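The structure appears below as structure tokens.
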Amino acid sequence: MRRKLKKVLIANRGEIAVRILRTLREMGIRSAVIYSEPDRQSLPVLLADEAYPIGPAPSRESYLKGQEIVDLARRIGADAIHPGYGFLSERAEFARMCREGGIVFIGPSPEAMDAMGSKVECRRRMIDAGVPVVPGGRDPLLSAEEAAAFAASIGYPVMIKASAGGGGKGMRRVDSEPEIAAAFRGASAEALASFGDDAVYIEKFIVDPRHVEIQVMGDLHGRVVSLGERECSLQRRHQKVVEEAPSPVVSPDLRRRMGEAAVRAASAVGYANAGTCEFLLDADENFYFLEMNTRLQVEHPVTELVTGLDLVYTQIRVAEGEPLGPEFDDVQPRGHAIEVRLYAEDPFQKFKPSPGKIHHLRWPEGPGIRTDAGVYEGAEVTIHYDPMLAKLIVWAENRPRALDRLARALAELRIEGIRTTAPLFRALLADPDFRSGNLNIGMLDRKLGSGELHGLGAEEAGDLPLVAAAIHHFERAQRAMALPRSAGRRTLWRAAGRRDALRPGGGPKG
Amino acid sequence: MRRKLKKVLIANRGEIAVRILRTLREMGIRSAVIYSEPDRQSLPVLLADEAYPIGPAPSRESYLKGQEIVDLARRIGADAIHPGYGFLSERAEFARMCREGGIVFIGPSPEAMDAMGSKVECRRRMIDAGVPVVPGGRDPLLSAEEAAAFAASIGYPVMIKASAGGGGKGMRRVDSEPEIAAAFRGASAEALASFGDDAVYIEKFIVDPRHVEIQVMGDLHGRVVSLGERECSLQRRHQKVVEEAPSPVVSPDLRRRMGEAAVRAASAVGYANAGTCEFLLDADENFYFLEMNTRLQVEHPVTELVTGLDLVYTQIRVAEGEPLGPEFDDVQPRGHAIEVRLYAEDPFQKFKPSPGKIHHLRWPEGPGIRTDAGVYEGAEVTIHYDPMLAKLIVWAENRPRALDRLARALAELRIEGIRTTAPLFRALLADPDFRSGNLNIGMLDRKLGSGELHGLGAEEAGDLPLVAAAIHHFERAQRAMALPRSAGRRTLWRAAGRRDALRPGGGPKG
Amino acid sequence: MELWIKHGEREERAKVRRDGDAYEVTIGEVVHRVDAAVLGRGAYSLRFNGVQREVVVRASGEAGLRVSGSSAAWEVEIAEPLAHLAATTGDPAARRRHKKVTAYMPGRVVAILAEVGAEVVAGQGIIVLEAMKMQNEILAEADGAIKAIYVQTGQAVEGGDPLFELT
Amino acid sequence: MELWIKHGEREERAKVRRDGDAYEVTIGEVVHRVDAAVLGRGAYSLRFNGVQREVVVRASGEAGLRVSGSSAAWEVEIAEPLAHLAATTGDPAARRRHKKVTAYMPGRVVAILAEVGAEVVAGQGIIVLEAMKMQNEILAEADGAIKAIYVQTGQAVEGGDPLFELT
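Protein chains in written order, with the working numbering: chain A, 1 to 510; chain B, 511 to 1020; chain C, 1021 to 1187; chain D, 1188 to 1354.
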């Protein structure tokens, strides 16, 4: 059952491809990447041992070509494929193609993926396994009386939802019994009008929940362990923006209980390799299983920083058939880690995408900072893919110090030529709710909508922008005067300018 | 006694100035740096809140101008001075100038520095405090018989040294009693010839010792703690080249014993703030105090990575009068950290200095890597100061993984325009003694001298250098043909070239 | 050198003079003595009596500069006074309104929401552009009629390509 | 394009041809089809049938190139055959020996160990140059007499400045 991998094909792009090939290199395993046409000069290609073109820009003609990728792996003698996140990572049929092609898929079995991928079956299995789910039933309620009885059994507030529904149509929040009859009739009528079907069901409504997820890891010998939680409540339109570990509100006892639930969930489907159980957590320490992500998460580094484990390394060892060692007994977090996702978007211009060339780039460095980037200075950010440029991850002894370190990292970061979400994080660091860890999944959208979060620094600029612009204009004019003669002369002029700047005896004595 | 600092002047340059100002920024303390004329564009200046010229290039006219620096601190309203390492950091008279100027010196008291700075007094105090020192006596031996008796009392091998000596003159290693009479006479005669004084003394000779040092931290309330050891045996001409924590050979029991000795040493002189006790360690777990460095060490990051403590943060808190908290009770290392010092020197050309402009620079990034650098792409490495460019520091779960990570970091590192010591570290990673942790303080000089360590990769290049050179020559020739028309046209030509490279449908189908 | 500078609501006359290795920059009535290290590619280290600010200055739009500091960025318009005078003569409303609307980023046209000749109002969506999996509506900047549409659904556009024009 | 290339002991004829976006590079008898992405400033990503190598090529010395890979760097001499032929005619010994010795780095002259007219042997130290707190002896490359010394003790020199000359 144990088989050392010698070459792994990474079926992904961007920062996660870089993340994976770094660990492969450390393990002495050859790394091969695929790339679409616009990604020929991307960072994973430059760092990989091998790189193969897979098609044109659209994902469905390149990074989603499952059979071609398996065939490529066979052709180049790769033992395994790491799918990263997104793209093919949660497609059970791709895991099956790998199996049929004799290629190790670095992830769970297709059967486990199927079981977790089907909402109805997954919910049934979780209930059977004793994993708490959001109370409620998919069975249609036949009358207002039945609705009232069911709501009383799970407790208010509840949400009435259309069985055929989606998009908020036929949905009603009900806070107490007197409201339920009218809400039932209203929701049924709206469901009929919108979907041609008046069936509705009731679910418990969780007030201002947090998104807290548990990282699990399973080996091929039936052992599954919890590696602790991540707090991912800061979301914009259901997309995580900031993640941290540990959660500011999860006690050791709650951590143990959530971890046990996640291990039961994973074990119920025979889960192996890395996976994440997402939960809603309410103010009374009740938690409810939402779904399991059957892959490595974007935010896995915060778990790595507080546990000292390398999750990609562990994924590969598990895929090779190694059992989880004693270092996985009772893993506890040390210190505090925070990750921010740096996107090529302007956060205060409605997150308008900002493709283009990265002209200046300086990542923050020094103590407690990790950058997982997919770009470099001079790289072109194209329009074709997810606009995430990098993840900045900080670690410190405790949460207040980690927040201060994040502020320092953002002050050092320089990225010019495109707009990024860095100003959003600077604004968040000035937000008292974020500072105090008082988070919920609706908070960021609400604060963005109300203007409570906004760009900083405009007011305190003083004369700096004007002085800088004036000196730049002056310098540019000087250079323009020196320019027309010849390109060679221009270079000489610049060299002379540099010499002057370094001349001993010069410089102001301020 | 407690007083929050608001502005700190950093009396240093290069990577350590950057290191210190990063923590100051995290703490919300304003950072001010000084710079000599060639350092106007250096990284610490670019990152600092305030920057002040202090004089021309020579250190004695700039970074060593103690009184001017204290006066500057007063003029700009700084509360404290951080001296870093080197320059003024171990000069008790500078600490006194600070005290007299009403400026907090972030380091030990001048009295503690004096006590540790005087070899004779320090040795006496250490012996009184029960700290093991290299056995021997400075008292001259009057006859071969007295020498034999003394040697027998401390055990062979011993070293006979000239009292007036230095530079190896009048030194004799003696391995057993029959040799000692002849060696005594020979050393005395040589001492007389070289120094006009035939007095000699005897010290225990430690065979192939390791350099293992203990990081201590003391607060202003009399508490001193050990933060564990660093292994610094890889030295070139007594300069540390690679440092790690923990030591590959220090057991928890030995760590406790060495830590207790270091705490006794520091407490004996009323030591506060960060300091390091250097020891020689022999193969039988005997250790001997060498000296105490009364400042932050270059290699402090390896201790930070395995303890999770920020030593500069702690230095500042201690200087503010804070007592050491419970996180300093029984500090134990977690995982393994290795630091390599990247110098602008060609290690296989007799460490010839390599000043110049840094044309390409890519630091390694991703999991477990920290870079403390004093330079950036485009910076000029001048001839005036110590040629250290940066420290690359890796952390991993254990030593073998840390070595693999270091190899990966060095593969990602790109630095062009100057030569660096990176090839030395690549060679060391292929050395079985370094790999297995079998180190001693003479090993690196011996392996460099014998040619056992040499540059790698020349043999396995194949056609790569030729193909790369040919393509570069071809590209350069193409560009030269396009060039003469005009500068504007040249830019257009380049832009067109870039568009072609990105054109969908292009690219080889390899 | 005399300059006209605009930052947000602020419009100022400025003067720049080189004085050895330093600059004397006058903004309105205030004189700043600035030690500026030119780091290349628009990057500067500016020292105002010791206070150090690292900035990057890059062109932004047609006549603007974007000045980026360590925690914020600012858009500045700058011109030499004669050039500024020339640019500001004529009908101010006509100058301000960009009748020909261009793509602010590369992308793909996924929908066209109005036809040539249609009357539109300021803020009405005319073209939907997709980039990075996000859809973005390009709006009319003023009331008017659509004079021309330069793109078709499905077409890829580069930043700066004309999309449509208002009367 | 035909080329002459030297790497260590190896001397080869080479041919480079562009073929679409790829290059066909012939070294001796071996033909490499290489997909080269030009990253700018001498950096390339080269793919040899999938195997990817990132290299930086920069000028080194008078006629050489330095090719840096991820774990080693190599010095290569390259020329077009006619230029190579011209450079290699004449007395080989005279070409090889640099009679005028220049500073290979900037530094300060701290000692001069020989006088004009003195007979010296190959390997003998002539000038001591200090940089970065390290002292480095500049040696005579061949036996001969010192024809001229161009520097004085205490003088600062730039890389490339002439130090002394042998007969």
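We treat Cβ as the ideally placed atom computed from N, Cα and C, and that holds for glycine.
Since the structure is predicted, the reported quantities are computational estimates derived from the model, not experimental observations.
Residue i - containing beta strand (DSSP E), residue span
i	result
Gly275(A)	Asn273 to Leu281
Thr23(A)	Run containing Thr23(A): none in the beta strand (DSSP E); it sits in the alpha helix (DSSP H), Gly14 to Glu26.
His1027(C)	Glu1022 to His1027
Ala847(B)	His846 to Tyr853
Pro209(A)	Per DSSP, Pro209(A) belongs to no beta strand (DSSP E) and is neither H nor E.
Glu1211(D)	Ala1209 to Ile1214
Gly1164(C)	Gly1164 to Ile1169
Tyr35(A)	Arg30 to Ser36
Proximal chain B residues relative to residue i, where beta-carbon distance stays under 9 angstroms
i	result
Val18(A)	Glu875 and Gly876
Within chain B, the residues that residue i reaches when beta carbons sit closer than 7 angstroms
i	result
Arg1067(C)	Ala561
Ala1223(D)	Ile981
Ile1192(D)	Leu976, Ala979 and Ala980
Arg22(A)	Gly876, Pro877 and Arg918
Run of the alpha helix (DSSP H) containing residue i, from where it starts to where it stops
i	result
Leu392(A)	Looking at the DSSP string, Leu392(A) is not in any alpha helix (DSSP H); the run it does join, the beta strand (DSSP E), is Met388 to Ala396.
His592(B)	That residue, His592(B), is in no alpha helix (DSSP H); its beta strand (DSSP E) goes Ala590 to His592.
Pro942(B)	Pro942 to Ser946
Arg609(B)	Ala602 to Glu610
Residue closest to residue i, alpha-carbon to alpha-carbon, out of the options
i	options	result
Val216(A)	Pro83(A), Val375(A), Val200(A) and Asn273(A)	Asn273(A)
Arg1078(C)	Asp463(A), Arg99(A) and Arg419(A)	Arg419(A)
Gly28(A)	Leu913(B), Val734(B), Asp581(B) and Leu834(B)	Leu913(B)
Gly1215(D)	Ala980(B), Ala919(B) and Arg989(B)	Ala980(B)
Asp729(B)	Ile690(B), Pro758(B), Trp905(B) and Val773(B)	Val773(B)
Ile415(A)	Arg405(A), Ala265(A), Gly378(A) and Gly451(A)	Gly378(A)
Gln315(A)	Ala80(A), Leu342(A) and Leu64(A)	Ala80(A)
Ala373(A)	Val158(A), Leu361(A) and Gln239(A)	Leu361(A)
Leu534(B)	Leu515(B), Asp973(B) and Tyr781(B)	Leu515(B)
Contacts of residue i in chain A (Cβ-Cβ under 7 angstroms)
i	result
Gly1227(D)	Gly378
Val1045(C)	Val467, Ala470 and Ile471
Val1148(C)	Those do not exist, as Val1148(C) stays about 13 angstroms from chain A at its closest Cβ, beyond 7 angstroms.
Val1036(C)	Ala470, Ile471 and Phe474
Chain B contact residues for residue i, given Cβ-Cβ distances below 8 angstroms
i	result
Met27(A)	Asp914
Gly308(A)	Arg844, Gly845 and Glu907
Ala1318(D)	Pro863, Pro865 and Ile893
Thr371(A)	Glu875 and Gly876
Partners in chain D for residue i, counting only beta-carbon separations shorter than 8 angstroms
i	result
Ile76(A)	Gly1237
Chain A residues whose Cβ lies nearer than 9 angstroms to that of residue i
i	result
Ala921(B)	Arg25 and Leu47
Thr813(B)	Going along chain A, no residue has its Cβ under 9 angstroms from Thr813(B), so there is no contact; the nearest lies around 12 angstroms.
Arg747(B)	By Cβ distance, chain A contributes nothing, its closest Cβ being about 29 angstroms from Arg747(B), past 9 angstroms.
Cβ-heavy atom distance, residue i to the ligand MN, below 7 angstroms
i	result
Glu416(A)	In terms of ligand content, the structure shown is empty, and the ligand MN therefore cannot be addressed.
Interface residues of chain C facing residue i [CB-CB closer than 7 angstroms]
i	result
Asp463(A)	Ile1047, Val1050 and His1052
Proximal residues of chain C, C-beta to C-beta of residue i below 9 angstroms
i	result
His359(A)	Arg1061, Gly1062, Val1076 and Arg1078
Near-chain C residues of the region 551-564 of chain B - C-beta to any C-beta below 7 angstroms: For the region 551-564 of chain B, which is checked against every Cβ of chain C, the residues closer than 7 angstroms are Gln551, Val555, Leu556, Ala558, Asp559, Glu560, Ala561 and Tyr562.
Along the region 385-408 of chain A, where does the CB come closer than 8 angstroms to a CB of chain B? Name the residues. Ala396, Glu397, Arg401, Asp404, Arg405, Ala407 and Arg408
Positions along the region 321-338 of chain A whose CB lies within less than 8 angstroms of some CB in chain B: Glu327, Arg334 and Gly335
Please list, in chain order, the residues of the region 416-427 of chain A that have any C-beta partner in chain D closer than 9 angstroms. none
Residues of the region 1231-1265 of chain D with a CB closer than 7 angstroms to any CB of chain A: list them in chain order, please. Ser1232, Arg1234, Gly1237, Val1238, Gln1239 and Glu1241
In the region 1288-1312 of chain D, which residues sit with their C-beta less than 7 angstroms from some C-beta in chain B, listed in chain order? Met1292, Pro1293 and Gly1294
With 9 angstroms as the limit, tell me which residues of the region 220-235 of chain A have their beta carbon closer than that to any beta carbon of chain C; keep them in chain order. none
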